[in-house]
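These notes are about the structure you will find just below.
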Amino acid sequence: DSGVTQTPKHLITATGQRVTLRCSPRSGDLSVYWYQQSLDQGLQFLIQYYNGEERAKGNILERFSAQQFPDLHSELNLSSLELGDSALYFCASSVEAGGSYEQYFGPGTRLTVT
Amino acid sequence: AQSVSQHNHHVILSEAASLELGCNYSYGGTVNLFWYVQYPGQHLQLLLKYFSGDPLVKGIKGFEAEFIKSKFSFNLRKPSVQWSDTAEYFCAVNARGQGNLIFGKGTKLSVKP
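These protein sequences, in sequence, are chains A and B. With this note's numbering applied, the first sequence covers 330 to 443. With this note's numbering applied, the second sequence covers 169 to 281.
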């Protein structure tokens, strides 16, 4: 158990719908990262938040957005879902933002878009 | 742009065989290097990391990796694998000062008992 929790574990939804994935970082970690793992693209960085502020953006689609709340949990919102959005979405947390500390990964949310 | 290449998609070994998984990265600046493991149905776990200093780093479960700067490589090794090492292994880098990880495509390791 990494200490990072993600809900839900599985999500099945239809094209065009909107979903919210939730992540709670390890106690004391200020930085939250979101990654997408798919068969064709592998593991790709989406976005990073540090202490409530957006810190870095990766290959995140405009249909996707995220935020980090004052209690440091984060949500990833995916809208106008397409079949190609089906993937495993991981959240990771670390103590700081600069990458010099280990990132701890959550168990992931498996999203299936039908 | 940074990129990470893992040369082997799927490696099949017998127990007690030695393991070496290749990883090369592309980036002009200073990087931190990582190997993560994903056991079936589980989350990613850190095996080892290199930030600076001794280029030979030792991690958990008997794994080690060597950073060769001139070759932009960070290969993972284990002298004798066990059936329980069956998993997918990911090499990752981040640029110094940036947190986001760039991952390789992963290498699936199957160890036959």
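From the three backbone atoms N, C-alpha and C, an ideal C-beta is built for every residue, glycine too. Note that the coordinates shown come from a computational prediction; the quantities given were computed from them, not determined experimentally.
Annotation: residue 347 of chain A to residue 407 of chain A spans about 6 angstroms, alpha carbon to alpha carbon. Residues of chain B with a Cβ closer than 8 angstroms to the Cβ of residue 439 of chain A do not exist; the shortest Cβ-Cβ separation is about 11 angstroms. Judged by beta-carbon spacing, residue 173 of chain B lies beyond the 8 angstroms limit of residue 200 of chain B, meaning their Cβ atoms are not closer than that value. When rounded, the separation of the alpha-carbon atoms in residue 245 of chain B and residue 236 of chain B is 14 angstroms. Around the beta carbon of residue 216 of chain B, a 10 Å sphere encloses 16 or more other beta carbons of the protein chains shown; the residue is thus reported as buried.
At least one C-beta of chain B is nearer than 8 angstroms to the C-beta of residue 377 of chain A. For residue 270 of chain B, the chain A residues whose C-beta falls within less than 8 angstroms of its own C-beta are 374, listed in chain order. Assignment of residue 412 of chain A by DSSP, reduced to helix, strand and coil, places it in the helix class. Of the candidates B:274, B:169 and B:281, the residue whose Cα lies closest to the Cα of residue 178 of chain B is B:274. Per the C-alpha coordinates, the member of A:358, A:414, A:341 and A:392 positioned closest to residue 424 of chain A is A:358.
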